[in-house]
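Presented below is the structure to which this report refers.
2 protein chains.
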Amino acid sequence: MPKGIEATLLSAVVEGRIKPGHRLSENQLAEAFGVSRTLVREALTRLEARNIVMVKPRKGWFVVEPSAEEAAEVYATRRILEYGFLINSAPFTAAQIADLQAHIDEERKAVDASDKTRLTYLMGDFHVRIVKQSGNATLVETMRTLAARTNLISLRYQSEHNALASHKDHVEIFEAIARGDMKTAARLSFEHLEDVEAGIMIDTSPDAIELLKNTLRLDEAPNGRG
Amino acid sequence: MPKGIEATLLSAVVEGRIKPGHRLSENQLAEAFGVSRTLVREALTRLEARNIVMVKPRKGWFVVEPSAEEAAEVYATRRILEYGFLINSAPFTAAQIADLQAHIDEERKAVDASDKTRLTYLMGDFHVRIVKQSGNATLVETMRTLAARTNLISLRYQSEHNALASHKDHVEIFEAIARGDMKTAARLSFEHLEDVEAGIMIDTSPDAIELLKNTLRLDEAPNGRG
DNA sequence: CATGTCAATCTTGTATGCAAGAGAGATGGC
DNA sequence: GCCATCTCTCTTGCATACAAGATTGACATG
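Protein chains in written order, with the numbering used here: chain A, -6 to 219; chain B, -6 to 219.
Set out below in structure tokens:
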């Protein structure tokens, strides 16, 4: 199974089992998967192409820690994509609405259980699920990659409060879709992602030092001294 | 320069020097670039992640020949992305408009020179250039990949007539942007891509046998006999 | 002449070996 | 005690060797 490694790593990232900044050792992964470094590197290369991991030369592979700027870019792209999709989409069928309803129920359960990790995953999957109704694999894949990156952003910056607010937004978006009001759904989706993005900028960081290092572009800058 | 190979191959594809279905030999590329197969495979893997090339196991790497279904997906995604961007974009600045004007002029030159290959490239680059004004690297990269795939589609299906019609559409879109009417620009862009997609379905194929094979999913289907 | 078979060759798939940069810790000088 | 330096180890970077499927052509056989 050639793509097993990539899929496994992606799942771990999306489900929050591997966090932003985590180092991924080629040797360890090779041993864990029972293959040589070659296949591990292939999988990591693919994930790098999707901006999920990055390599620091001779230092190691790391799950990306999106900067505030990158975060803004990803959210802006998602806004554009989701708005463009919903505003031009025909009203959903009953089956499609039921699918989204099931998702909302799961989100609710995760909220009640205060399962933050699962909630973070579900937050992104909601939008993937919306787009999935189009049957457009290209669109879904694009959204899935953006959602994965958003997850990394959320895990790094987002507070529980925002996660809860996001869930409420999702409910509203769902309700608009359910009553066939795609225009409102598109607007709500756009505003929702704007809110989330704005929330990121003012949130306190879980690790001030790490955030500072990233903000100052330490670690990666080759111009160590002027 | 680790990414030189990928960029070089992508350029060749985007500029139409390598056509859909073309086989890319690891050995030949390795010799051409003066490196080992390892780096070539890395570049091809990245391009595969972007749906620009594909590998048939033990047979070789090939520039993708998008099926009609894939073509529809790519165009639909571009429609969504471009509409969503333009409709939510502030009016462009004079400098931004000038940048697009320069592009339109180049398109015009290619039309006059009947330079179909260059025109195909410029057709995609127009939309990349629009999105570039956002300064959003994520958005630009997404659009660039979609544009590259669209180029492959155009090279395979699109007639000169459609290329010319597309240029006229671009002029109209540009004029709407230039006068700050983003709503009209968004609508025109959406309709334009709908027209192009519709055109693909009725166009005659440049190679009926190849098209048939693709339609019937030969070559790639593992279920050779039932 | 038609056809099935076998071998040579070409392709990618994967593992492995070696080079070289980066970092940590010991060690020596002060 | 403090600091520089050196070495040892760990990391990825890249090339290469070998495995194994796919194809093509020769060639024998009917």
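Beta carbons: idealized from backbone N, C-alpha and C, even for Gly.
The structure displayed is predicted, hence computed values, not measured ones.
When you compare each of ASN155(A), LEU157(A), ALA156(A), ALA178(A) to GLU236(A) by their alpha carbons, which one comes out closest? The structure shown does not extend to residue 236(A), since chain A spans only -6 to 219, so no value can be given for it.
Hey, how far is the Cα of GLU190(A) from the Cα of THR70(A)? The sequence position of residue 190(A) within the first sequence is 197, counting from 1. The sequence position of residue 70(A) within the first sequence is 77, counting from 1. If you draw a straight line from the Cα of GLU190(A) to the Cα of THR70(A), it comes to about 12 angstroms.
Does ARG172(A) come out as helix, strand or coil in the three-state DSSP assignment? To locate residue 172(A), count along the first sequence from 1; it is residue 179. DSSP places ARG172(A) in coil when its eight states are reduced to three.
Whose C-alpha, out of HIS163(B), HIS96(B), LEU157(B), MET47(B), is nearest the C-alpha of ARG16(B)? Residue mapping note: residue 16(B) aligns to position 23 of the second sequence, counting from 1. Shortest Cα-Cα distance from ARG16(B) to any of HIS163(B), HIS96(B), LEU157(B), MET47(B) involves MET47(B).
Is the beta carbon of ALA140(A) sitting closer than 8 angstroms to the one on HIS120(A)? Here the question's residue 140(A) lines up with position 147 in the first sequence. Here the question's residue 120(A) lines up with position 127 in the first sequence. A contact, by the Cβ cut-off of 8 angstroms.
Helix, strand or coil for ARG16(A) per DSSP? For this step, residue 16(A) is matched to residue 23 along the first sequence. Looking at ARG16(A) - three-state DSSP - the assignment turns out to be strand.
Check each residue of the region 129 to 147 of chain A: if its Cβ is closer than 7 angstroms to any Cβ of chain B, include it; give the result in chain order. ASN129, ALA130, THR131, LEU132, THR135
Shorter than 8 angstroms from the beta carbon of LYS12(B) to some beta carbon of chain A? Taking the second sequence and counting its residues from 1, one reaches residue 12(B) at position 19. No - not a single Cβ of chain A is within 8 angstroms of the one on LYS12(B).
Within-8 angstroms CB hit, LEU186(A) to chain B: The residue you call residue 186(A) lines up with position 193 of the first sequence. So no, LEU186(A) is outside the interface.
If we cut at 8 angstroms on Cβ distances, does GLU24(A) have a partner in chain B? As a first step, residue 24(A) must be located in the first sequence, where it is residue number 31. So, not an interface residue.
Terminal residues of the beta strand (DSSP E) in which LYS49(B) lies: Your numbering for residue 49(B) matches position 56 in the second sequence. First-last of the beta strand (DSSP E) with LYS49(B): 46 to 49.
Below 8 angstroms on the Cβ atoms is my guess for ARG72(A) versus LEU186(A); work out the distance and round it to an integer in Å. Position 79 of the first sequence, counted from the start, is the residue given in the question as residue 72(A). Position 193 of the first sequence, counted from the start, is the residue given in the question as residue 186(A). About 5 angstroms; that satisfies the 8 angstroms criterion.
Does any CB atom of chain A fall closer than 8 angstroms to the CB of GLU168(B)? Position 175 of the second sequence, counting from 1, holds the residue named residue 168(B). No, no contact with chain A.
Is the shortest distance between the beta-carbon of GLY77(B) and the beta-carbons of chain A less than 8 angstroms? Numbered from 1 along the second sequence, position 84 holds the residue referred to as residue 77(B). Cβ-Cβ to chain A under 8 angstroms: yes for GLY77(B).
Which of the residues in the region 33 to 66 of chain A, read from start to end, lie with their CB under 7 angstroms from any CB of chain B? Within the region 33 to 66 of chain A, GLU35, THR38, ARG39, ALA42, ARG43, GLU66 place their CB atoms closer than 7 angstroms to a CB of chain B, listed in sequence order.
Looking only at its chain, what residues have a beta carbon closer than 6 angstroms to the beta carbon of LEU112(B), apart from the 5 residues adjacent to it on each side? Position 119 of the second sequence, counted from the start, is the residue given in the question as residue 112(B). Excluding positions up to five away in sequence, the list reads ALA103, ALA156.
Short check: CB of ARG34(A) to CB of GLU19(A), under 8 angstroms? Reading the first sequence from its first residue, position 41 is the one you call residue 34(A). Reading the first sequence from its first residue, position 26 is the one you call residue 19(A). Yes, they are a contact pair.
With a threshold of 16 other CB atoms inside 10 Å of the CB of ALA64(A), please say whether the residue is buried or exposed. Taking the first residue of the first sequence as 1, we reach residue 64(A) at position 71. The residue is buried, with at least 16 neighbouring Cβ atoms inside 10 Å.
Could you check whether the region 52 to 63 of chain B touches the region 130 to 137 of chain B, counting it as contact only if at least three pairs of C-beta atoms, one from each stretch, sit closer than 8 angstroms? no
Residue burial classification, GLY117(A) (beta-carbon count within 10 angstroms, cutoff 16): Your numbering for residue 117(A) matches position 124 in the first sequence. Buried is the call here.
From what residue to what residue does the alpha helix (DSSP H) around GLY(-3)(A) run? Position 4 of the first sequence, counted from the start, is the residue given in the question as residue -3(A). Going by DSSP, GLY(-3)(A) is part of the alpha helix (DSSP H) stretching over -3 to 7.
Excluding sequence positions up to five away, which residues of its chain have a Cβ less than 6 angstroms from the Cβ of ILE90(B)? Numbered from 1 along the second sequence, position 97 holds the residue referred to as residue 90(B). Closer than 6 angstroms at Cβ, skipping near neighbours: ALA171.
Taking 8 angstroms as the CB-CB limit, is LEU74(B) close to chain A? In the second sequence, residue 74(B) corresponds to position 81, counting from 1. Yes, because at least one Cβ of chain A sits closer than 8 angstroms to the Cβ of LEU74(B).
Using a Cβ cut-off of 8 angstroms (strictly closer), state whether ASN81(A) contacts chain B. For the purposes of this step, residue 81(A) is taken as residue 88 along the first sequence, with counting starting at 1. Yes, ASN81(A) lies at the interface with chain B (some Cβ there is under 8 angstroms from its Cβ).
Residues of its chain near PHE55(B), where Cβ-Cβ distance is below 8 angstroms and the 5 sequence neighbours each way are ignored: Here residue 55(B) refers to the residue found at position 62 of the second sequence. Residues of the same chain with a CB within less than 8 angstroms of the CB of PHE55(B), apart from the 5 flanking positions on each side, are GLY14, HIS15, ARG16, LEU17, VAL46, MET47, VAL48, LYS49 in chain order.
Would you report the Cα separation of ASP105(A) and ASP98(A), rounded to the nearest angstrom? For this step, residue 105(A) is matched to residue 112 along the first sequence. For this step, residue 98(A) is matched to residue 105 along the first sequence. Across the structure, ASP105(A) and ASP98(A) are spaced so that their CA atoms are roughly 11 angstroms apart.
Kindly indicate which three-state DSSP category VAL33(B) falls into: helix, strand or coil? Start at 1 with the first residue of the second sequence, and residue 33(B) comes out as number 40. If DSSP states are grouped into helix, strand and coil, VAL33(B) belongs with the helices.
Rounded C-beta distance between GLU75(B) and SER182(B)? I'm assuming under 8 angstroms. Reading the second sequence from its first residue, position 82 is the one you call residue 75(B). Reading the second sequence from its first residue, position 189 is the one you call residue 182(B). Yes, they are in contact, since the Cβ atoms of GLU75(B) and SER182(B) sit about 5 angstroms apart, within 8 angstroms.
Beta-carbon separation (whole angstroms), ALA23(A) vs SER29(A), contact threshold 8 angstroms: Counting from 1 along the first sequence, the entry for residue 23(A) is found at position 30. Counting from 1 along the first sequence, the entry for residue 29(A) is found at position 36. At roughly 6 angstroms, the Cβ-Cβ gap stays under 8 angstroms, so ALA23(A) and SER29(A) are in contact.
Nonlocal neighbours in the same chain, by C-beta distance under 6 angstroms from ILE80(A), ignoring five residues either side: As a first step, residue 80(A) must be located in the first sequence, where it is residue number 87. Here the set comprises ALA179.
Secondary structure at GLY117(B), three-state DSSP: helix, strand or coil? Numbered from its first residue, the second sequence carries residue 117(B) at position 124. GLY117(B) sits in a helix when the DSSP states are folded into three classes.
With distance defined between alpha-carbon atoms, name the residue in LYS52(A), TYR114(A), GLY77(A) nearest to ILE251(A). Nothing can be reported for residue 251(A), as the shown portion of chain A is limited to -6 through 219.
Using the Cα positions of SER198(A) and ASN144(A), report the straight-line distance between them to the nearest angstrom. Mapped onto the first sequence, residue 198(A) falls at position 205. Mapped onto the first sequence, residue 144(A) falls at position 151. With a pLDDT of 44 at SER198(A), under the threshold of 50, the modelled position of that residue is not reliable, and the figure given next carries that caveat. Each residue's alpha carbon lies about 15 angstroms from the other.
Could you have a look at VAL67(B) and say whether DSSP puts it in helix, strand or coil? Counting from one through the second sequence, the residue named residue 67(B) turns up at place 74. Looking at VAL67(B) - three-state DSSP - the assignment turns out to be helix.
Under a Cβ-count criterion, where at least 16 other Cβ atoms within 10 Å of its own Cβ denotes burial, should ALA87(B) be classed as buried or exposed? Position 94 of the second sequence holds residue 87(B). The residue is exposed, with fewer than 16 neighbouring Cβ atoms inside 10 Å.
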